[in-house]
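See structure below.
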Amino acid sequence: YTITVEEGATGPAIDDTMYGVFYEDINNAADGGLHAELVRNRSFEFNGADRAGWTGTTGWELVDGGGAAPPALVVDDDTRLNERNRNHFRLVADGAGDGVRNTGSGSGVALKAGATYDFSVWARTSTAQTMTVALQGPGGRALGTAAVAVDGSDEWKQYRATLTASGTTAAGRLVLTAGAASVVGLDMVSLMPTDRWVGKNGVSPLRKDLAQKIADLEPGFVRFPGGCIVNVGSMYSYDAENGYPRARSYQWKDTVGPVEERPTNANFWGYNQSYGIGYYEYFTFAEDIGAMPLPVVPALVTGCGQNRATDDPELLQRHIQDTLDLVEFANGGVDTEWGGLRAEMGHPEPFGLTHIGVGNEENLPREFGRNFLQFEAAIKAKYPDMVVISNSGPDDEGATFDAHWDFNRANDVDMVDEHYYNSPAWFLQNNDRYDSYDREGPEVFLGEYASLDNRWQNSLAEAAYMTGLERNADVVKLASYAPLLADVDSAQWRPDMIWFDGQRSWGSTSYEVQKLFMTNVGDEVVPSAATGAVVEPKPITGGVGLSTWATTAAYDDVRVTTPGGGTLLADDFSDGDAAGWERLAGGTWSVEDGRYVQSDVRAENTLVRSGDITATDYDISLTATKTAG
Ligand code: AHR
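According to mature numbering (1 follows the signal peptide of the UniProt record, and there is no 0), the sequence shown is numbered sequentially starting from 10.
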C-alpha cells in the first residue's frame, strides 16, 4: 500500500506529555513490588477484620532460643510507637536467642549474594542488650548477620545495621533475636536492598529494576495512586476513638510524613498496604523521571461495581479541603502547613502540580456531577490555572457514559478521563473513535485502556489504536495503558504492562509498544492517507457461514473459537437466509492459547460468524463433543 503525505499540510501538535503511565496499587504493585521493602507486615498491623486468617503476626514466625518459646504478642496499648500505626510486637524473651523471623512477600525475602541490605527497627526496652539481626536461606542457612546495640532507656528509638548477603535465594528470611532475657517492643522492622532507585531526589525506597523500567519509558506523566482504590471506601475516615476503619480508600494524608507514622490499610484489591511509598514518593519519582505528576482523588461516589454516593456534606467538605491541601502540599510555599511538610520531607521546591483528577469511574452521573462541581469550584477559586479532570464513568459507551459526557459538555469541564478494556478486534475497529469528538468540547484523558491479553496481537492492536490517538492529539491530550505493574504470583488483574517476582521483572509486548511511542513523541501530526491493499478493519457482513452443524442439542459440549474475540453471532441456517443474526446463546467467554473461546454453547442448526472481528481475522472454528453413550 501507499502512504501519501500532503506537502505542507499540518496536523495537530502533540504534547510532550501525551503518553504517560498509570501507576496503580493493584497486583501488589507497591508492597512486594515497587516498594523495595522486603519485610512483610513490618509494623504488625495485619488484621483478621480485613481478611480471614490474617493476624498481627502474619508473615512472622517465633524463634525459640531455648527455654520457652516467646508468645505471639501483638499489642495495641499506650506504649505504642505512635497513634497512626498502632500495633507493635512485644517480644518476651526468657533468654538470648528468642526472637522473630519474617518470611517476606511471595516465596520469601529475595537475597542476592554480595548485595548489601539496610536494616532498621524501632525498639523499646528497659534492658540494654545487643540484639542480633540475621539473613537466612532455606533450611536456616546463615547468609549474613549484624549486631544491633539497643539501649535500656525504655524509649522508642530507631536502630540501624547493614548486612551483606553471602548467598542468593528467593526464599530468604530475616531474623531478629534478643541478646538477653528481656521484654522488647518492636515496630517498623525494615530490610531493603541498599541498591535502590536513585534520582535527582536522592536515594528512594523504590525497587531499582522496576523504577528503571518505568523510567525507560520516558513517560510524559504519572497518574497515581490508582483506580478503584481511590474511590471505593472514600466514605470512611479516621475516628479518634476507634482509629482507622479498615478498607478505606487511598487518602493522601495517610501516606505522607515519617514512614513509621503512616497507618496501613486493607486494600480494595484484597491485600494490606503499608504506605511505605506514598504521595511524597510518587511526586519525587515523577520529578526524577521528568514526568508530570497527576494525582487522582475520590469524588465520594463509589464506582467499581458499587453504587454509592455520600450524603454527608461534612465528609464531602473534608475531602474537598484535603484536595486543596494536596495542591498546597505539591505547590505551596514552605511557610504553608502542607508545603512546610513537603519541605520537612526533603523537597522545599514546589512539585509544579498542574493537573488533578477528581473521581475514578463513578457510576452515578447525577451524584458525581453534583460533587465534581463542588470540588472544581473550590479548586479553581484558589488555583484558577489547575486543570481539573472529570470522568466518563465506568463504561466506554451506553447510558452512563452518555450522561457523564452530557454533564461534562454542559459544564465545559477541562478534561474527561475515559477508561476501557476491550478485545484486539475492538481496538482495530475503533481507530477512528476520536475523529468525531467535538473540538469545542472538553479534552480527553484516556486514563486506562488495554487490549485484553498480553500477547503480540494485543500489543499490535494497541499500537494501531495509538495512531488514532495521535491523529487526534488536539482532543486526546493524555493517554496511559493500564495497569502498570503486576506480581506474577498474585495478580488481581491482567493484562498488565510490567511483570515481576521477588528477583526479576520483565516488560510485556504492550510495554514495548508503549516504550516505542513514549520515546518517540513527535511534535505534530503530519496528515497522511493510505491507499492500496489496506485491510479495512470492518465487521464481516453478509452472512459468512463459517461452520455449521445439524443439531447441537445432540452434543454435550460445543465450543466456538475465534482468534479475534468480539461478539459471536448465530443464525438458524435452516431458514435459508443470512439475516437476523443474534448473539450466540449460552456459554461463557474465556481466552485459551490466544484464542477466544465461547464454551458450552447451546444452539441448533446454526451458522456462526463474528459480529466485530476484522476481515483478516475470521478463522472461526467449532468443535462439538459427546461423551460416550
Ligand atoms: O486498572 C484496573 C481497574 O480498572 C482500575 O482500578 C479501575 O479504575 C478500572 O476499572
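Idealized CB from N, CA, C, for every residue including glycine.
C-beta atoms of residue i and residue j nearer than 9 Å
i	j	result
E164	R133	yes
N417	P451	yes
N463	P504	yes
M395	V336	yes
W278	D34	yes
T66	A78	no
G511	V184	no
N499	G115	The displayed chain sequence assigns Ser, not Asn, to residue 499. Against a cut-off of 9 Å, the Cβ pair of G115 and S499 comes out as a contact.
S258	R271	no
Q466	Y490	no
D85	N96	yes
L362	N340	yes
I223	Y446	no
N240	D59	no
A105	A189	yes
L487	D24	yes
I286	E227	no
L350	G42	no
V425	E385	no
L333	G29	no
P307	N400	no
D532	A22	yes
Interface flag, residue i vs chain C, CB-CB below 9 Å
i	result
P302	In the displayed structure, chain C is absent; only one protein chain is listed.
Local conformation of residue i per DSSP, three classes
i	result
N372	coil
A18	coil
P546	At P546, the pLDDT of 35 sits below 50, so the modelled position is not reliable and the matter cannot be decided from this model.
G208	strand
T557	The predicted position of T557 is uncertain, since its pLDDT is 35 and thus under 50; no value can be drawn from it.
P536	coil
D415	helix
T13	strand
R93	coil
W465	helix
L325	helix
Y126	strand
K486	strand
N274	strand
K389	helix
P302	strand
W502	coil
F360	coil
N420	coil
D24	coil
W515	strand
Cβ-heavy atom distance, residue i to the ligand AHR, below 8 Å
i	result
A491	yes
H413	no
I238	yes
G312	yes
F377	no
N372	no
P307	no
P234	no
N37	no
P21	no
Y259	no
W502	yes
F31	yes
Y430	yes
P304	no
P272	no
E457	yes
N369	yes
P80	no
P403	yes
Inset, instruction - Tell me, please, whether the region 188-204 touches the region 41-52 by the rule of three or more beta-carbon pairs shorter than 8 Å. - result: Segments in contact, yes.
Legend entry - Stretch-stretch touch, CB-based, cutoff 8 Å, three pairs: the region 99-117 with the region 184-194: At 8 Å Cβ cutoff, the stretches touch.
Inset, instruction - State whether the region 132-148 contacts the region 520-540, with contact taken as three or more CB pairs (one from each stretch) at a distance under 8 Å. - result: No, because fewer than three Cβ pairs between the region 132-148 and the region 520-540 fall closer than 8 Å, the two stretches do not touch.
Inset, instruction - Indicate whether the contact test is met: 3 or more Cβ pairs, each with one atom in the region 463-481 and one in the region 426-437, closer than 8 Å. - result: The region 463-481 makes contact with the region 426-437: 3 or more CB pairs, one atom from each, lie closer than 8 Å.
Inset, instruction - Check whether the region 167-177 touches the region 123-130, counting contact only when three or more Cβ pairs, one atom from each stretch, lie closer than 8 Å. - result: The region 167-177 vs the region 123-130: in contact.
Legend entry - At least three beta-carbon pairs within less than 8 Å, the region 370-389 to the region 307-317: Output reads yes: the region 307-317 touches the region 370-389.
Legend entry - Stretch-stretch touch, CB-based, cutoff 8 Å, three pairs: the region 175-188 with the region 211-222: Flag = no, the region 175-188 and the region 211-222 do not touch.
Inset, instruction - Count the CB pairs spanning the region 281-300 and the region 221-237 that are closer than 8 Å, and state whether there are at least three. - result: Touching, yes.
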